[in-house]
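K.L.:
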Amino acid sequence: MEDGTQRTAGGRAGATSTATTLIGASSRFVGRGRELKELREDIARAGLDTLSGRKRPCSRVLLIAGRPGSGRTALAEQFARQLEQEYPDGVLRARLTDADGTPVPTDRTARALLAELGRPARAGADEDELAEALRAALSGRRVLLILDDAAGAEQVEPLLPDEPDCLVVAVSQGPLTGVPDVRPCALGGLEPPAGIELLEWYAGPTRITCDPMAAGAVVEECAGQPAALVLVGGWLAAHPKMSVADAARRLRALPVPEAYQGTARPLARALWLAHEALPALSARILRLLALAPAGPADAHTASALAGCSLSAAQSALEDFVARGLLRPVPVDGLPGAPGALPAQYQVPGCLAPMLRALLETWERPAEVELARARMLERVVRQLHSCRAAAELDNPSVRKRVAELPRPLRFPSSRVAGEWLRSRLPALLAAARLAVQDGRLDTLARRLVSALTRALTAHLAPEEAAAELYGLHQLVLSVAERCEMPLEKAAALLNLGDLDVRAGRTGAALLRYREALQAARRSGDPYAISRSLESVAAAYQELGDGQRAADWYGRALELRLTRGELADQARLYGRRGAVHTQAGLWGEALRDWRAAAAVSRRLRDLPGQVRALSEIARVQELAGRVQDAARTAAEAVENARFAGDEQLQATVLLRLAEVLERAGDPAAAALHREAAGALLPTQDAPAAR
Numbered sequence: 297m298e299d300g301t302q303r304t305a306g307g308r309a310g311a312t313s314t315a316t317t318l319i320g321a322s323s324r325f326v327g328r329g330r331e332l333k334e335l336r337e338d339i340a341r342a343g344l345d346t347l348s349g350r351k352r353p354c355s356r357v358l359l360i361a362g363r364p365g366s367g368r369t370a371l372a373e374q375f376a377r378q379l380e381q382e383y384p385d386g387v388l389r390a391r392l393t394d395a396d397g398t399p400v401p402t403d404r405t406a407r408a409l410l411a412e413l414g415r416p417a418r419a420g421a422d423e424d425e426l427a428e429a430l431r432a433a434l435s436g437r438r439v440l441l442i443l444d445d446a447a448g449a450e451q452v453e454p455l456l457p458d459e460p461d462c463l464v465v466a467v468s469q470g471p472l473t474g475v476p477d478v479r480p481c482a483l484g485g486l487e488p489p490a491g492i493e494l495l496e497w498y499a500g501p502t503r504i505t506c507d508p509m510a511a512g513a514v515v516e517e518c519a520g521q522p523a524a525l526v527l528v529g530g531w532l533a534a535h536p537k538m539s540v541a542d543a544a545r546r547l548r549a550l551p552v553p554e555a556y557q558g559t560a561r562p563l564a565r566a567l568w569l570a571h572e573a574l575p576a577l578s579a580r581i582l583r584l585l586a587l588a589p590a591g592p593a594d595a596h597t598a599s600a601l602a603g604c605s606l607s608a609a610q611s612a613l614e615d616f617v618a619r620g621l622l623r624p625v626p627v628d629g630l631p632g633a634p635g636a637l638p639a640q641y642q643v644p645g646c647l648a649p650m651l652r653a654l655l656e657t658w659e660r661p662a663e664v665e666l667a668r669a670r671m672l673e674r675v676v677r678q679l680h681s682c683r684a685a686a687e688l689d690n691p692s693v694r695k696r697v698a699e700l701p702r703p704l705r706f707p708s709s710r711v712a713g714e715w716l717r718s719r720l721p722a723l724l725a726a727a728r729l730a731v732q733d734g735r736l737d738t739l740a741r742r743l744v745s746a747l748t749r750a751l752t753a754h755l756a757p758e759e760a761a762a763e764l765y766g767l768h769q770l771v772l773s774v775a776e777r778c779e780m781p782l783e784k785a786a787a788l789l790n791l792g793d794l795d796v797r798a799g800r801t802g803a804a805l806l807r808y809r810e811a812l813q814a815a816r817r818s819g820d821p822y823a824i825s826r827s828l829e830s831v832a833a834a835y836q837e838l839g840d841g842q843r844a845a846d847w848y849g850r851a852l853e854l855r856l857t858r859g860e861l862a863d864q865a866r867l868y869g870r871r872g873a874v875h876t877q878a879g880l881w882g883e884a885l886r887d888w889r890a891a892a893a894v895s896r897r898l899r900d901l902p903g904q905v906r907a908l909s910e911i912a913r914v915q916e917l918a919g920r921v922q923d924a925a926r927t928a929a930e931a932v933e934n935a936r937f938a939g940d941e942q943l944q945a946t947v948l949l950r951l952a953e954v955l956e957r958a959g960d961p962a963a964a965a966l967h968r969e970a971a972g973a974l975l976p977t978q979d980a981p982a983a984r
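Count the sequence shown with my numbering and you get residues 297 to 984, in order.
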């Protein structure tokens with residue numbers, strides 16, 4: 297109900313910040329019969345391609361154009377309900393403007409739609425790749441796509457499906473010049489009977505029936521704008537002793553506040569009427585809701601913004617819904633039930649810019665910044681609790697969670713994961729806004745770190761990768777702005793790792809090299825070594841063994857100077873693996889023997905056994921089968937001494953392979969039998 301034509305009693309929030317709230321079946325919709333008929337006829341209208349004899353290259357696009365508050369979103373949703381049976385592959389929705397009025401980047405919208413289709417995109421994919429993936433995902437499907445609050449054709453055109461059987465309904469304030477063959481359905485005010493019906497829905501029938509002339513005057517003062525009528529109806533519902541004529545007189549007497557210049561005058565007057573009637577605390581909560589990231593907010597957000605109790609915030613939010621100032625965004629689970637998530641509420645999009653103007657008029661900048669800091673601090677605490685809920689089986693973690701205030705606790709890992717998914721759009725928006733603000737960098741870093749840990753704890757790696765990529769980019773921007781080389785190196789390394797997982801090893805190599813420069817500026821030996829190893833691993837992945845061995849050697853030199861034996865053994869092994877892959881048997885044997893020697897010094901028997909096993913493998917590949925058999929036998933003895941049956945079975949199988957190649961199949965069979973006796977049957981192939 298962005299613009300107020302319907303009173304929403306149901307719906308759910310989308311999975312991402314670009315998803316539009318779904319409207320429930322019990323929504324109230326009035327009027328617009330002519331417009332619905334025009335839209336239906338426009339689907340069947342012959343397009344320019346058809347008239348010229350060409351096959352239509354992509355989906356038909358319908359445009360609903362109107363000012364905020366005209367009911368354009370509600371009309372699109374009502375139209376979608378009428379058509380949903382004709383589009384068996386579903387209805388997709390995306391909101392193309394953020395709560396603060398900023399156009400949503402196309403890559404975010406495409407990624408959100410792909411997630412809704414069950415086709416998550418690669419982390420770090422650019423706009424063109426995502427748009428192409430979306431078109432491929434919609435190929436062969438019959439889908440209705442609603443693109444709400446489009447700022448211009450440049451947002452809509454990349455998202456258009458190539459599938460002619462799909463239909464796109466775009467909602468915008470004006471024409472979409474640049475999208476071909478689009479005829480707008482322009483919205484004005486509601487007809488008086490429909491406007492009176494909507495007013496009656498909120499204010500109740502008694503006063504409307506008793507004074508229909510005054511009701512008509514209210515509709516006229518509101519210019520038939522649904523959003524304005526909803527607010528006046530909510531004002532009447534909150535003031536049962538006031539008459540409809542009183543509402544009409546007050547609307548006529550109200551000037552358009554300076555903060556609302558340039559906005560729709562009827563809607564501005566209606567909001568001013570609603571705002572001035574609120575108690576002081578409620579009015580302040582309403583204004584501060586303009587700071588809620590991505591629009592949706594719950595009682596925790598409102599409480600932190602206003603610095604009031606949770607119960608006072610919840611009461612205010614419920615009152616706002618009754619007055620038409622908010623719409624509920626129900627979440628899964630019954631309110632008040634054990635483990636239920638708290639309800640969320642959404643400021644109608646047409647009111648968001650006016651609330652921001654109210655905020656700037658009534659609140660001092662220092663108070664606004666303090667409110668934002670309180671909200672972000674509450675989010676950080678919630679994320680820490682969410683992260684801890686994934687480890688409630690750990691007694692120490694359970695004790696730490698029990699010390700948190702009750703409203704911040706999660707009863708189970710499942711509930712914490714559901715909360716994270718349901719709040720993810722707002723959490724990501726909060727992180728972006730905190731970083732863009734620039735005045736809360738310390739809090740922004742804490743928020744991004746807490747969100748990263750929570751995502752890693754509750755989401756599968758493939759599901760979390762795209763969001764983690766964006767978060768690491770935020771960390772990188774803060775680190776560059778604040779000249780923090782160590783944080784910059786860490787962000788670049790994390791981004792490089794995600795690039796490697798997405799198959800962009802070349803791009804990852806560039807990030808690793810840049811991370812190395814930042815790490816050297818910071819002087820942190822761990823970051824330097826980690827960067828050196830990452831560069832080496834990237835070259836290894838690219839098949840450049842010589843450079844990989846060289847960079848592993850540089851990392852090894854650093855570990856040697858610092859006397860870090862465990863890392864020395866690991867790096868000797870990595871360089872040995874590169875040399876083995878390149879067929880440099882002598883260099884490989886030197887590295888693996890060095891790894892075995894360091895493991896012996898560390899009294900790390902499993903590490904020593906693995907190194908010996910690799911030595912045997914290299915000797916076998918080099919044609920020194922007898923030497924390989926002796927080394928493999930030594931590895932078996934050490935594995936027995938270590939008491940690791942899995943490892944012992946692995947090296948027994950290695951010895952069996954060497955013996956078989958040496959021409960002793962009987963001994964090889966005995967060792968395979970011994971390996972099988974150490975492991976369950978299903979583990980034997982893995983050990984081999």
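Beta carbons are placed, not taken as given, at the ideal position from N, Cα and C, and that holds for glycine.
1) Taking the runs of the alpha helix (DSSP H) that are 4 residues or longer, which of them lie wholly in the stretch 501-580?
2) Report yes or no: do three or more beta-carbon pairs, one from the stretch 698-712 and one from the stretch 679-688, lie closer than 8 Å?
3) How far does the beta strand (DSSP E) with Q642 in it extend, from its first residue to its last?
4) Which residue marks the beginning of the beta strand (DSSP E) containing A918, and which one marks its end?
5) Which stretch, first to last residue, makes up the beta strand (DSSP E) that contains D445?
6) Which word fits T312, buried or exposed, when buried means at least 16 other C-beta atoms lie within 10 angstroms of its C-beta?
7) Rounding to the nearest angstrom, what Cα-Cα distance links A891 and Q904 in this structure?
8) Report all residues from its chain with a CB closer than 8 Å to the CB of G632; omit the five preceding and five following residues, and keep chain order.
9) Should D795 go down as buried or exposed, given a rule of 16 or more other Cβ atoms within 10 Å for buried?
10) Would you list the residues sitting across from L755 in a DSSP beta bridge?
11) Do A862 and S827 have their CB atoms nearer than 9 Å?
12) How big is the Cα-Cα spacing for E933 and D940?
13) Measure the C-alpha to C-alpha separation of G530 and E453 and round it to an integer number of angstroms.
14) Could you check whether L335 and L358 sit closer than 9 Å to each other, using their CB atoms as the reference points?
15) Where does L856 land, buried or exposed, given buried means 16+ other C-beta within 10 angstroms?
16) Let me know the beta strand (DSSP E) ranges lying completely inside the stretch 384-457, each 3 residues or longer, listed in chain order.
17) Can you give me the Cβ contacts of A740 inside the same chain, cut-off strictly under 8 Å, excluding the 5 residues immediately before and after it?
18) Assuming R623 and Y641 are in contact, meaning their beta carbons sit under 8 Å apart, how far apart are those beta carbons, in whole angstroms?
19) Drop a sphere of 10 angstroms on the beta-carbon of L917, count the other beta-carbons inside from all chains shown, and report buried for 16 or more, exposed for fewer.
20) For T801, I'd like the list of residues in its chain whose CB is within less than 8 Å of its CB, leaving aside the five on either flank, ordered along the chain.
21) Would R407 and A762 qualify as a contact pair, given that the criterion is a beta-carbon distance under 9 Å?
22) What number of angstroms, rounded off, separates the C-alpha of R350 from the C-alpha of A390?
23) By the three-class DSSP mapping on this structure, what secondary structure does V465 have?
24) Below 9 Å between beta carbons: does that hold for L483 and R377?
25) With a threshold of 9 Å between beta-carbons, can G484 be considered close to chain B, or not?
26) From the DSSP output, read off the bridge partner residues of A361.
27) Sorted by chain position, which residues of the same chain lie with C-beta nearer than 8 Å to R858's C-beta, five sequence neighbours on each side aside?
28) Does the separation of the CB atoms of Q521 and A566 fall below 9 Å?
29) Classify P781 as helix, strand or coil using the three-state DSSP reduction.
30) Rounding to the nearest angstrom, what Cα-Cα distance links A449 and V387 in this structure?
31) If we call anything under 9 Å between Cβ atoms a contact, is L392 one with A447?
32) Please state the DSSP three-state secondary structure of A973.
33) Which of helix, strand or coil does DSSP assign to A321?
34) For L621 versus L767, is the C-beta spacing smaller than 9 Å?
35) With burial defined as no fewer than 16 other Cβ atoms inside 10 Å of the residue's Cβ, what is the status of G436: buried or exposed?
36) Identify which residue in L951, A945, E956, A964 has its Cα closest to the Cα of A973.
P.N.:
Let's see:
1) As far as the stretch 501-580 is concerned, its whole alpha helix (DSSP H) runs of at least 4 residues are 501-506, 508-517, 522-534, 540-549, 561-572.
2) Result yes; three or more Cβ-Cβ pairs closer than 8 Å.
3) Taking the sequence shown and counting its residues from 1, the one referred to as residue 642 is at position 346. If you look at Q642, you'll find it in the beta strand (DSSP E) that goes 640-642.
4) For this step, residue 918 is matched to residue 622 along the sequence shown. Going by DSSP, A918 is part of no beta strand (DSSP E) at all; its letter is neither H nor E.
5) Taking the sequence shown and counting its residues from 1, the one referred to as residue 445 is at position 149. D445 -> beta strand (DSSP E) spans 440-446.
6) Along the sequence shown, one-based indexing puts residue 312 at 16. With a pLDDT of 34 at T312, under the threshold of 50, the predicted position of this residue should be treated as unreliable, and no value is reported.
7) The residue labelled residue 891 in the question sits at position 595 within the sequence shown. The residue labelled residue 904 in the question sits at position 608 within the sequence shown. Rounded to the nearest angstrom, the two C-alpha atoms are 7 Å apart.
8) Start at 1 with the first residue of the sequence shown, and residue 632 comes out as number 336. Its pLDDT being 45, under 50, G632 is placed unreliably in this model, and the value from its coordinates should be taken loosely. By the criterion of a C-beta distance shorter than 8 Å, G632 is surrounded by no residue of its chain, once the five residues flanking it on both sides are discounted.
9) What you label residue 795 is simply residue 499 of the sequence shown in a count that begins at 1. Taking all protein chains shown into account, D795 has 16 or more neighbouring C-beta atoms within 10 Å of its C-beta and is therefore buried.
10) What you label residue 755 is simply residue 459 of the sequence shown in a count that begins at 1. DSSP lists no partner for L755.
11) Numbered from its first residue, the sequence shown carries residue 862 at position 566. Numbered from its first residue, the sequence shown carries residue 827 at position 531. Against a cut-off of 9 Å, the Cβ pair of S827 and A862 comes out as no contact.
12) The residue labelled residue 933 in the question sits at position 637 within the sequence shown. The residue labelled residue 940 in the question sits at position 644 within the sequence shown. If you draw a straight line from the Cα of E933 to the Cα of D940, it comes to about 11 Å.
13) As a working mapping, residue 530 is identified with position 234 in the sequence shown. As a working mapping, residue 453 is identified with position 157 in the sequence shown. So the alpha carbons of these two residues sit roughly 39 Å apart.
14) Locating residue 358 in the sequence shown gives position 62, where the first residue counts as 1. Locating residue 335 in the sequence shown gives position 39, where the first residue counts as 1. Yes, the Cβ-Cβ distance between L358 and L335 is below 9 Å.
15) On the sequence shown, position 560 is the one that residue 856 refers to. Flag for L856 reads exposed.
16) Entirely contained in the stretch 384-457, the beta strand (DSSP E) runs reaching 3 residues are, in chain order, 387-391, 440-446.
17) Numbered from 1 along the sequence shown, position 444 holds the residue referred to as residue 740. So the qualifying residues of the chain are L672, A727, A730, V731, D733, L770, V774.
18) Working through the sequence shown from its first residue, we reach residue 623 at position 327. Working through the sequence shown from its first residue, we reach residue 641 at position 345. The beta carbons of R623 and Y641 sit about 7 Å from each other, so the pair counts as a contact at 8 Å.
19) Residue mapping note: residue 917 aligns to position 621 of the sequence shown, counting from 1. So L917 counts as exposed.
20) Along the sequence shown, read from residue 1 onward, the residue named residue 801 stands at position 505. So the qualifying residues of the chain are D795, A834, E837, L838.
21) Within the sequence shown, numbered from 1, the residue matching residue 407 stands at position 111. Within the sequence shown, numbered from 1, the residue matching residue 762 stands at position 466. Yes; because the gap between Cβ atoms is below 9 Å, this pair is in contact.
22) On the sequence shown, position 54 is the one that residue 350 refers to. On the sequence shown, position 94 is the one that residue 390 refers to. Residue confidence is low: R350 scores 47 on pLDDT, short of 50, so the model does not pin down where it sits. No coordinate-derived value is stated.
23) Along the sequence shown, read from residue 1 onward, the residue named residue 465 stands at position 169. In the three-state scheme derived from DSSP, where H, G and I count as helix and E and B as strand, V465 is classed as strand.
24) The residue given as residue 483 occupies position 187 in the sequence shown. The residue given as residue 377 occupies position 81 in the sequence shown. If you check the CB distance, L483 and R377 do not come in under 9 Å.
25) Within the model displayed, chain B is absent; a lone protein chain is all it includes.
26) Position 65 of the sequence shown, counted from the first residue, corresponds to residue 361. According to DSSP, residue pairing for A361 in a beta bridge involves S468, A482.
27) Taking the first residue of the sequence shown as position 1, residue 858 is located at position 562. If we look at R858 and ignore the five residues flanking it on each side, its Cβ neighbours are P821.
28) For the purposes of this step, residue 521 is taken as the residue at position 225 of the sequence shown. For the purposes of this step, residue 566 is taken as the residue at position 270 of the sequence shown. For Q521 and A566, yes; Cβs fall inside 9 Å.
29) On the sequence shown, residue 781 is found 485 positions in, with the first residue counted as 1. DSSP places P781 in helix when its eight states are reduced to three.
30) What you label residue 449 is simply residue 153 of the sequence shown in a count that begins at 1. What you label residue 387 is simply residue 91 of the sequence shown in a count that begins at 1. Taking the straight line from one Cα to the other gives about 21 Å.
31) For the purposes of this step, residue 392 is taken as the residue at position 96 of the sequence shown. For the purposes of this step, residue 447 is taken as the residue at position 151 of the sequence shown. In this structure, L392 places its C-beta atom within 9 Å of the C-beta atom of A447.
32) Position 677 of the sequence shown, counted from the start, is the residue given in the question as residue 973. The answer is helix: DSSP assigns A973 an H, G or I state.
33) Within the sequence shown, numbered from 1, the residue matching residue 321 stands at position 25. Bear in mind that the predicted position of A321 carries a pLDDT of just 31, short of 50, making it too unreliable to give a figure here.
34) Residue numbering aside, residue 621 sits at position 325 when the sequence shown is read from its first letter. Residue numbering aside, residue 767 sits at position 471 when the sequence shown is read from its first letter. Against a cut-off of 9 Å, the Cβ pair of L767 and L621 comes out as no contact.
35) Locating residue 436 in the sequence shown gives position 140, where the first residue counts as 1. G436 should be labelled exposed.
36) On the sequence shown, residue 973 is found 677 positions in, with the first residue counted as 1. Selected option, being the one with the closest Cα: A945.
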